[in-house]
Amino acid sequence: MRETADRDYGAMFRFMVGRMVLVSLLPLMVIGGANFYLFYSLNRSVVLEQHANFLRYHRQSIETFLNGITTEISTLAHQYSLDELKAGGLERAFRVVQQRGGMFTDLGIIDSNGNHVRYVGPYDLADKNYRDTEWFRQVVEKGVYISDMFLGFRMEPHFIVAVKRPDEEDFWILRATVNTDYFSRLVDAVRMGKTGETFIVNGQGFYQTKTRSAGEPLSPSGYLDLTPHEGIRVHQVSIEETDYIYTTTWLDNPRWLLIFRQETSDVYSPLWKASFLGLLMFLVGAAGASLLAVAVARAQTNRIKRADREKDMLTQRLMVAGKAAAVGELSAGLAHEINNPLATIDTLQTLIQDIASGPSLSDGDRDEIIDSAQKIGKQVQRAKGIMQGLLKFSRRVESQPEFVDLNQLLQELAAVASTRAIVEGKRVDTDLEELPTILAPPAHLQQVFANLLNNALDAVSGKPDARVLLSSRLHDGKIEVRISDNGCGIPEENLSRIFMPFFTTKPVGQGTGLGLAICYGLVQELGGSIQVESTLGVGTTFTVQLPGRPATAGPDAGGAP
Amino acid sequence: MNPIRVLLVDDEAEFTEGLTKVLRRRGLTVHAVSDAAAALSLVSRETFDVVILDVKMPGMGGLEALSEIKRTSPGTEVILMTGHLSPSEEEEGLRAGATAYLIKPYPIPDLVTLIQEAAGHKKEVE
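Residue numbers (the working numbering), protein chains in the order written: chain H, 1 to 561; chain E, 1 to 126.
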């Protein structure tokens, strides 16, 4: 009976919530994770491909530009003679070239000894000698030369394009300084994201253009992977705790490395944004699923709790009924075996009394014998009473059901009980509401309510203001009779046993322990139920519910006469 | 007035012995036998006012004996006694003509009164 009551409903509730959340969220998480992975891979390959395509196209345009300026200077050197250039031709040519975008900072003519013989530009370089410079040696050797970036006499980062022009036995050199800003803008013309930028480093890893954030021209780039490679290369580089995606390709002439770099987080920021949105949706869904799980689990737990309670009550009733039936079977057989010897004892004690009543004994002896015999007789009647109770319990006197005015029956019982009660200083009150007649054996009803009423009167013995209330009413289509007392109450440990046969708290010889068991059986037989509520020291209420009968079915539907 | 003639039929020897003595002391004429067959043969030979029959006996039971007595001597009053209350037995017995169906142990003074009433009733019928 206690096993279900001890069930840990809290743990059950938590288990259900956990399982439902798991069941609903696991597929969501798997699908979400797979989606993210697919989306990430696709996005990554698309983005990197985009970077590679951009750089491939961009390299072409830069190479075109470098070829263009080389051709330009070459054409200039061959178009004019040295004398023409010295006599104002250089200035004119510079103006023409400048009109096409300012790609050159200055132009200069250097003779075979390295002397700067003519110069057009903003710097004071007219009397400089370049014989010992790297670019001079290179152009003398190669004829056409694009230098790496260097500081030179002007002490500013720049690079030059130089062309050697043979002139009879001798030669001269036409040199142009490429405008660093112009070239840097050209290289970094296309911007991507917030951090995407394009720049160039030379074979030793020094910046060859102005960059937005990477570093100053001619400063070391820190980019160490300078082994030449074919085509486009994409890889991730970590510089000062920032991750970048570097896309690189080598230019042919000069041997420079064209680099497009973007911070990794910037590259994937659209992806992160989409993922964040997805995560947000997932969390909202998860919260919804969890709330639902909690609600469902709570309802389910309550339902189980209710079912358990009902089961417990049913089990208890079945146990009482089962025990009652077992005792009934036993007692039926027992009664016969005991009643016969009782009959013999009783007969013999009657004989003793009869003999003792005769004149042959002294008065004292006679009284003694008669008294003893009477006591034997009383004990026999007591044993018989017990056996009869058992018999009634096991196989009740068959009694025909009749239409009974229950209130009248209760009123009569109360009146009879009152006569006894008033003498003992107890009060019996009634509060009877109008009831339909009930189809039941009157003897059974009388036995049930007389028994309950007597119990109630016993319970209030010795109490000041002792009071028993007998009330009836129609409740939910059922007839309900309550017998309440303000007596001593029933301890909780006894409450579940009071309907068991032979359970009694009365002193030996005063109660058979069958009264309530018989009531229970009779009420069950009438299709009703009997319940008890009790508080120690406050009182006890027995509630008998009997099935009501449709008002039209009886011969005299109605209440008290 | 002739004493009332009673026949006791019960397999419990001590019970019939005691009851015979008690009833005799109270002025009744009592015969006792321990089974139904003996009772039937006695009833066929002698007249009794009241037969007290145990319901449950070895051999022929009380109810069968009752029917037989009522058949052969319809004027004889029969009181059934049993240690074991059975509503169906009670009904059957009363329908077969028993005067009463008593549960043992039945108070002797009451039993005497019942016997006297039954005998009186029989006399009236006669």
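All C-beta atoms in this analysis are idealised placements derived from N, C-alpha and C, irrespective of residue type, glycine included.
Collapsed DSSP secondary structure at Ile259 of chain H in the structure displayed: Within the first sequence, residue 259 of chain H is the residue found at index 259, counting from 1. Residue state, collapsed to three classes: strand.
Extent of the continuous beta strand (DSSP E) run through His84 of chain E: For the purposes of this step, residue 84 of chain E is taken as the residue at position 84 of the second sequence. That residue, His84 of chain E, is in no beta strand (DSSP E); it is neither H nor E in DSSP.
Chain H contacts from the segment 11-29 of chain E (Cβ-Cβ distance under 8 Å): Cβ contacts with chain H come from Glu12, Glu14, Phe15, Gly18, Leu19, Lys21, Val22, Arg25 and Arg26.
Closest residue to Ala463 of chain H among H:Asn455, H:Cys488 and H:Ser484 (Cα-Cα distance): By one-based count along the first sequence, residue 463 of chain H stands at place 463. Here residue 463 of chain H is Lys; the residue named in the question, Ala, does not match the sequence. When H:Asn455, H:Cys488 and H:Ser484 are compared, the shortest CA-CA separation from Lys463 of chain H is found for H:Cys488.
contact_flag[the segment 139-146 of chain H, the segment 200-218 of chain H] where n(CB pairs < 8 Å) is 3 or more: no
Cutoff 8 Å: His121 of chain E Cβ touching any chain H Cβ: Working through the second sequence from its first residue, we reach residue 121 of chain E at position 121. Residue contact with chain H for His121 of chain E: absent (no Cβ-Cβ distance below 8 Å to any residue of chain H).
Nearest-angstrom Cα separation, counted from Ser265 of chain H out to Ala52 of chain H: For the purposes of this step, residue 52 of chain H is taken as the residue at position 52 of the first sequence. For the purposes of this step, residue 265 of chain H is taken as the residue at position 265 of the first sequence. Roughly 18 Å between the two C-alpha positions.
Leu470 of chain H vs Ile483 of chain H beta-carbon contact at 8 Å: As a working mapping, residue 470 of chain H is identified with position 470 in the first sequence. As a working mapping, residue 483 of chain H is identified with position 483 in the first sequence. Yes, Cβ-Cβ distance for Leu470 of chain H and Ile483 of chain H is below 8 Å.
Cβ of Ala343 of chain H within 8 Å of any chain E Cβ: Within the first sequence, residue 343 of chain H is the residue found at index 343, counting from 1. For Ala343 of chain H, the answer is yes, since a Cβ of chain E falls inside 8 Å of its Cβ.
Where Phe502 of chain H sits in the DSSP three-state scheme: As a working note, residue 502 of chain H is residue 502 in the first sequence. Reduced to three states, the DSSP call for Phe502 of chain H is coil.
Any chain E beta carbon closer than 8 Å to Ala440 of chain H: One-based indexing of the first sequence puts residue 440 of chain H at position 440. By this cut-off, Ala440 of chain H is not an interface position.
Three-state secondary structure (DSSP) of Glu398 of chain H: The residue you call residue 398 of chain H lines up with position 398 of the first sequence. Interpretation of Glu398 of chain H is limited by its pLDDT of 49, a score under 50 that renders its predicted location unreliable; the figure taken from the coordinates is listed afterwards. Of the three classes helix, strand and coil, the one that applies to Glu398 of chain H here is coil, per DSSP.
Neighbour-count burial assignment, Asn407 of chain H, 16 or more Cβ in a 10 Å radius: Numbered from 1 along the first sequence, position 407 holds the residue referred to as residue 407 of chain H. So Asn407 of chain H counts as buried.
Three CB pairs or more closer than 8 Å across the segment 7-22 of chain H and the segment 300-308 of chain H: yes
Cutoff 8 Å: Asn340 of chain H Cβ touching any chain C Cβ: Reference to chain C is not applicable here, since the protein chains of this structure are H and E.
Environment of Glu197 of chain H [buried if 16+ CB atoms lie within 10 Å]: For this step, residue 197 of chain H is matched to residue 197 along the first sequence. Buried.
Within 8 Å, strictly: CB atoms of Met60 of chain E and Ala96 of chain E: Here the question's residue 60 of chain E lines up with position 60 in the second sequence. Here the question's residue 96 of chain E lines up with position 96 in the second sequence. Cβ atoms of Met60 of chain E and Ala96 of chain E: not closer than 8 Å.
Nearest-angstrom beta carbon gap, Leu55 of chain H and Phe260 of chain H [assumed within contact, 8 Å]: Along the first sequence, one-based indexing puts residue 260 of chain H at 260. Along the first sequence, one-based indexing puts residue 55 of chain H at 55. The Cβ separation is near 5 Å, so the contact holds.
Contacts that Thr350 of chain H makes with chain E (C-beta to C-beta distance below 7 Å): If you number the first sequence from 1, residue 350 of chain H lands on position 350. Correct list: Val22 and Ile108.
Three-way DSSP call (helix, strand, coil) for Lys210 of chain H in this model: Sequence index remark: in the first sequence, residue 210 of chain H carries index 210 (1-based). Under the three-state reduction of DSSP output, Lys210 of chain H falls in the coil class, being neither helix nor strand.
For Ile110 of chain H and Tyr123 of chain H, believed in contact at Cβ under 8 Å, the rounded distance: Taking the first residue of the first sequence as position 1, residue 123 of chain H is located at position 123. Taking the first residue of the first sequence as position 1, residue 110 of chain H is located at position 110. Rounded, the Cβ-Cβ distance is 14 Å, inconsistent with contact.
Positions along the segment 524-546 of chain H whose CB lies within less than 8 Å of some CB in chain E: none
Among H:Arg427, H:Gln446 and H:His475, nearest to Leu457 of chain H - alpha-carbon criterion: Taking the first sequence and counting its residues from 1, the one referred to as residue 457 of chain H is at position 457. Among H:Arg427, H:Gln446 and H:His475, the Cα nearest to that of Leu457 of chain H belongs to H:Arg427.
Below-8 Å beta-carbon distance, Gln447 of chain H vs any chain E residue: The residue you call residue 447 of chain H lines up with position 447 of the first sequence. No, Gln447 of chain H does not count as interfacial toward chain E.
Coarse secondary structure for Ala440 of chain H, derived from DSSP in three states: Taking the first residue of the first sequence as position 1, residue 440 of chain H is located at position 440. DSSP places Ala440 of chain H in strand when its eight states are reduced to three.
Arg175 of chain H to Ile146 of chain H span [Cα, whole Å]: Along the first sequence, one-based indexing puts residue 175 of chain H at 175. Along the first sequence, one-based indexing puts residue 146 of chain H at 146. Cα-Cα distance, rounded: 10 Å.
Alpha carbon of Ser112 of chain H to alpha carbon of Glu168 of chain H, nearest angstrom: As a working note, residue 112 of chain H is residue 112 in the first sequence. As a working note, residue 168 of chain H is residue 168 in the first sequence. Whole-angstrom Cα-Cα distance: 12 Å.
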